[in-house]
Amino acid sequence: MTSDRTTSDPLLEVDDLRVAFHTDAGLVRAVDGVSFSVGRGETTCLVGESGSGKSVTAEAITRLTPSPPGEIDGGTVRFDGEDVTRATDSRLRELRGNRIAHVFQDPASALNPVYTVGAQIREAIRAHRDVGKRAARARAIDLLDATGIPEPATRVDDYPHEFSGGMKQRVCIAIALACDPDLLIADEPTSALDATVEAGILDLFAELRAAFGTSLLFITHDLGVASRIADRVVVLYAGRVMESGPASAVFDRPAHPYTRALLACRPGVPGGSRPIPGSLPDPVDPPDGCRFAERCPHAIAACRDGEHPARHRVGDDDHHVSCIHYEGNEGTELGPPPGEGAAWPAWSTRAGGRDE
Amino acid sequence: MRAYLAKRLLWTLVATWITVTITFLLLELSPVSASEAAFIDRQVQAGMEYEAAAELYDRQLGGGGTATERYLDFVVGLATLEWGHSTTYNRPVVDVVADAWVYSVQYVLPATVVAVVVGFAIGLYSATHQYSAGDYAATTLAFVGVSLPNFWFAVICILVGGVWLGWFPTHYTTDVPGLLSLANAHQLVLPTFVLGTAAIASQARYARAESLEYVRADFVTAARSKGISERAVAVRHVLRPASVPLATVLVGDVLGLLFAGAYVIEVIFGIPGLGLVSYRAILQGDTSLVLATTLIPVFVAILGNLCQDVAYTLLDPRIELGEGR
Chain A
36 MTSDRTTSDP LLEVDDLRVA FHTDAGLVRA VDGVSFSVGR GETTCLVGES GSGKSVTAEA
96 ITRLTPSPPG EIDGGTVRFD GEDVTRATDS RLRELRGNRI AHVFQDPASA LNPVYTVGAQ
156 IREAIRAHRD VGKRAARARA IDLLDATGIP EPATRVDDYP HEFSGGMKQR VCIAIALACD
216 PDLLIADEPT SALDATVEAG ILDLFAELRA AFGTSLLFIT HDLGVASRIA DRVVVLYAGR
276 VMESGPASAV FDRPAHPYTR ALLACRPGVP GGSRPIPGSL PDPVDPPDGC RFAERCPHAI
336 AACRDGEHPA RHRVGDDDHH VSCIHYEGNE GTELGPPPGE GAAWPAWSTR AGGRDE
Chain B
7 MRAYLAKRLL WTLVATWITV TITFLLLELS PVSASEAAFI DRQVQAGMEY EAAAELYDRQ
67 LGGGGTATER YLDFVVGLAT LEWGHSTTYN RPVVDVVADA WVYSVQYVLP ATVVAVVVGF
127 AIGLYSATHQ YSAGDYAATT LAFVGVSLPN FWFAVICILV GGVWLGWFPT HYTTDVPGLL
187 SLANAHQLVL PTFVLGTAAI ASQARYARAE SLEYVRADFV TAARSKGISE RAVAVRHVLR
247 PASVPLATVL VGDVLGLLFA GAYVIEVIFG IPGLGLVSYR AILQGDTSLV LATTLIPVFV
307 AILGNLCQDV AYTLLDPRIE LGEGR
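Going down the list, the sequences are from chains A and B. Every position in the first sequence, counted from 1, becomes a number in the numbering used here once 35 is added. Every position in the second sequence, counted from 1, becomes a number in the numbering used here once 6 is added.
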């Protein structure tokens, strides 16, 4: 790391980030005041359902948000102490791929079909390193080897369509690691893959994080995946943070009704999976107060008023929740919703998660 | 790869055969050359021996022999470059064509190159800056360029550039030191400009439409996330993949545009190229020459399509080459 800042500072601090999209239906505030951080060497998981603003947040960090129609219209993104939202275009190019790299959801569309995988890895290397073609090729082969591609020396000259889905994602990870980045942002990197392939890719992330010392911001809708790799968890809903904290705290003692509902709707939960009733609020004209109130079994009249609920600390850890039920009773736990009683499932999620 | 190319080559031969056969059938059924006497009369007046003219008629236009024999003669004649005698120029058709083509190519080729380079550049800029002021300007200009009829635009260019400003000659003359001389280049400015504007506009529209398919592609965002420059993103990750579908319209579109455009331009500027030759041949009822000047573009198009098929295999690695790897 080339910074003289103390290592106790988080590598990435996102503060009150706002991203809006101009659409025919009106202004969609896809990310509406999101704050979280990624510590050095840590894995932070952004979780939430489709449309919660996870991917928009991920792309906004290196300002990949398509503009128009998108626009980052508030907040700061501090990477290693530097506000990326104010960086010049050339400074941004120095960060992208070099210090912050992305892995995208669908490896089949993230690779350009007309170039060999070797050419695409070399492009990432030579964007930031002054090396010759030969050296870049050697590095590309090493990276393919490190990401578990068999026979890398011959595969380097193959085209993306000659690889399977899982192998393509390994190539994308090799591209992301080309310049040994400090932060890797992986946006649902296993969602487009088969469950059997997914396990291999998750293991690869864990392995590479240990080998390269990379911090990881991992976006997923799958709590099973998050519970396997996260150090910290940030739960998003309709463009806002509902709950955040150490993975152990969030999974063992989920505080927000939304987090609990997400955990309860996973397949294979003891007592049967419970889908969350209703759907996401209108993105153009979101309701006042808590955006989850419409679907929340704990909702009271006060939930539907005013601003997004303030952040309250839960327990002793750095575990926070945005829910009015915790106002004034920091450290206590919310009981089962009215009428549910003992049927409300227990929260031990580490057991009973998928793929385990 | 070889099997694929062999297949394309075979198809090229089949397409050529079909073209030749249809042309023969049209000639057989055509009433235009029905009168052998009129034909021979014209040939003799043009200075040909009677026997030679009669024999030419037999070979070319269906006198004598069975239909099969006439067909075989026709095909063999085409293949051996025995394309008959032009009554308009009183010379063998092959000689007329051999003299004329260079006058067409000398401005069609530069116009094509400029159209593809400039048109693609404009289209790519438009696509990567969609809905910006520059895009609107480019789209509007392209629309105007495509809509302007060449015959009108050519006349206006002569009026403005040749008559009012007096910068360029108003018509083409072969009375120059040579085709590679400055004087020749000078008199080709207006024709190239007229042909080029329409072609640039048309290429820019295609390039914009195809590039737009890719500017929002995931791999473009992925490329941008590597930290490469916007220009590298546009050229390597938008234009390069778009070149595959662009190649499919390129040959047909450019050829159609240029042959049709060249006709009008050569007649207006008086350039003695294939377009003017064809125009005069039609006016004079010079069947052999009309045949030659119509078949040549067809053969060029067939060859162009073959080149296009080969270009595919180089542009898109996913094209199945007709055999296992």
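Using N, Cα and C, we set each Cβ at its ideal position, and we do this for glycine too.
task = Select from B:Ile162, B:Phe157 and B:Val114 the residue whose C-alpha is nearest the C-alpha of Ala191 (chain B).
result = B:Val114
message = For Leu252 (chain A), would you say it is in contact with chain B, using Cβ-to-Cβ distances shorter than 9 Å as the test?
response = no
request  = On a CA-only basis, which of B:Thr198, B:Thr293, B:Pro247 and B:Asp105 is nearest Ala268 (chain B)? Give me that one, please.
outcome  = B:Thr198
task = Measure the alpha-carbon distance for Glu362 (chain A) versus Arg346 (chain A) and round it to whole angstroms.
result = Those two C-alpha atoms are separated by around 9 Å.
task = On the DSSP bridge assignment, give the partners of Ala211 (chain A) in chain order.
result = Paired residues: none, contrary to the question.
request  = Spell out a yes or no on whether the stretch 256-268 of chain A and the stretch 96-103 of chain A are touching, meaning 3 or more CB-CB pairs, one atom from each, closer than 8 Å.
outcome  = no
message = Please tell me whether Leu127 (chain A) has its Cβ less than 9 Å away from any Cβ of chain B.
response = yes
task = Say whether chain B places a C-beta atom closer than 9 Å to the C-beta of Ser102 (chain A).
result = no
query = What did DSSP end up calling Asp222 (chain A) once you bin it into helix, strand or coil?
reply = strand
ask   = Just the Cα atoms here: how many angstroms apart are Gln204 (chain A) and Leu186 (chain B)?
value = 56 Å
request  = Return the Cβ separation of Val54 (chain A) and Val66 (chain A) in integer angstroms, given the expectation that the two are a contact with Cβ distance under 8 Å.
outcome  = Their Cβ separation, rounded to whole angstroms, is 4 Å, which keeps Val54 (chain A) and Val66 (chain A) in contact under 8 Å.
ask   = Rounded to a whole number of angstroms, what is the C-alpha to C-alpha distance between Phe225 (chain B) and Val138 (chain A)?
value = 11 Å
Local conformation of Pro316 (chain A) per DSSP, three classes = Here Pro316 (chain A) sits in coil by DSSP.
key: Runs of alpha helix (DSSP H) wholly within the stretch 279-340 of chain A (minimum 4 residues, chain order)   = Within the stretch 279-340 of chain A, the runs of alpha helix (DSSP H) at least 4 residues long that lie entirely inside it are, in chain order, 282-287 and 292-299.
ask   = Does Ala145 (chain A) get closer than 9 Å to chain B when you measure Cβ to Cβ?
value = yes
query = How about His360 (chain A) and His333 (chain A): are their beta carbons less than 9 Å apart?
reply = yes
query = If you run the structure through DSSP and keep just helix, strand and coil, what is Ala40 (chain B)?
reply = The pLDDT assigned to Ala40 (chain B) is 45, lower than 50, so where the model puts this residue is not dependable, and the model offers no usable value.
Beta-carbon gap between Val49 (chain A) and Val69 (chain A) smaller than 9 Å = yes
ask   = Mind pulling the alpha helix (DSSP H) runs of 4 or more residues that sit fully within the stretch 254-298 of chain B?
value = 280-290
inquiry  = Using the Cβ count rule (16 or more neighbours within 10 Å means buried), how would you classify Trp89 (chain B)?
reply    = buried
key: Cβ neighbour criterion (16 or more within 10 Å) applied to Leu78 (chain B)   = exposed
message = Does the CB of Thr227 (chain B) have a neighbour CB from chain A at under 9 Å?
response = Interface residue, yes.
message = Tell me which residues share the same chain as Gly235 (chain A) and place their Cβ nearer than 7 Å to its Cβ, disregarding the 5 neighbours each side in the sequence.
response = Gly201
ask   = Using CA coordinates, which residue listed in A:Pro292, A:Phe253, A:Glu158 and A:Ser308 is at the minimum distance from Ile335 (chain A)?
value = A:Pro292
inquiry  = Less than 9 Å between the C-beta atoms of Gln155 (chain A) and Pro195 (chain A), yes or no?
reply    = yes
key: Contacts around Ala144 (chain B), its chain only, beta-carbon distance under 7 Å, and the 5 residues preceding and following it disregarded   = Closer than 7 Å at the Cβ level, and outside the excluded window around Ala144 (chain B), lie Ile128, Tyr131, Ser132 and Ala210.
key: Any C-beta of chain B under 9 Å from that of Ile264 (chain A)   = no
key: Buried versus exposed, by CB contacts within 10 Å (16 or more), Asp24 (chain A)   = Here chain A comprises residues numbered 36 to 391, so residue 24 (chain A) is not present and cannot be evaluated.
request  = Using a Cβ cut-off of 9 Å, pull out every chain B residue sitting near Gly306 (chain A), in sequence order please.
outcome  = Near Gly306 (chain A) there are no residues of chain B at all, since even the closest Cβ is about 39 Å away, more than 9 Å.
request  = Check Thr22 (chain B) in the structure and name its three-state DSSP category.
outcome  = helix
message = For the stretch 298-324 of chain B, list every residue whose C-beta sits within 9 Å of some C-beta in chain E, in sequence order.
response = No chain E appears in the structure shown, which is made up of the protein chains A and B.
query = What's the C-alpha gap between Arg287 (chain B) and Val260 (chain B)?
reply = The question names Arg, but residue 287 (chain B) in the sequence shown is Ala. Approximately 24 Å, taken between the alpha carbons.
query = Among residues of its own chain, excluding the 5 on either side of Thr22 (chain B), which ones have a beta-carbon nearer than 8 Å to its beta-carbon?
reply = Phe305 and Ile308
request  = Please state whether DSSP places Gly248 (chain A) in a helix, a strand or coil.
outcome  = coil
key: Nearest residue (CA-CA) to Phe198 (chain A), options A:Asp215, A:Gly153, A:Ile220 and A:Arg172   = A:Gly153
query = What's the C-alpha gap between Ser41 (chain B) and Thr74 (chain B)?
reply = In this predicted model, Ser41 (chain B) has a pLDDT of only 49, less than 50, meaning its place in the structure is not dependable; the value taken from the coordinates is given anyway. Cα to Cα, Ser41 (chain B) sits roughly 21 Å from Thr74 (chain B).
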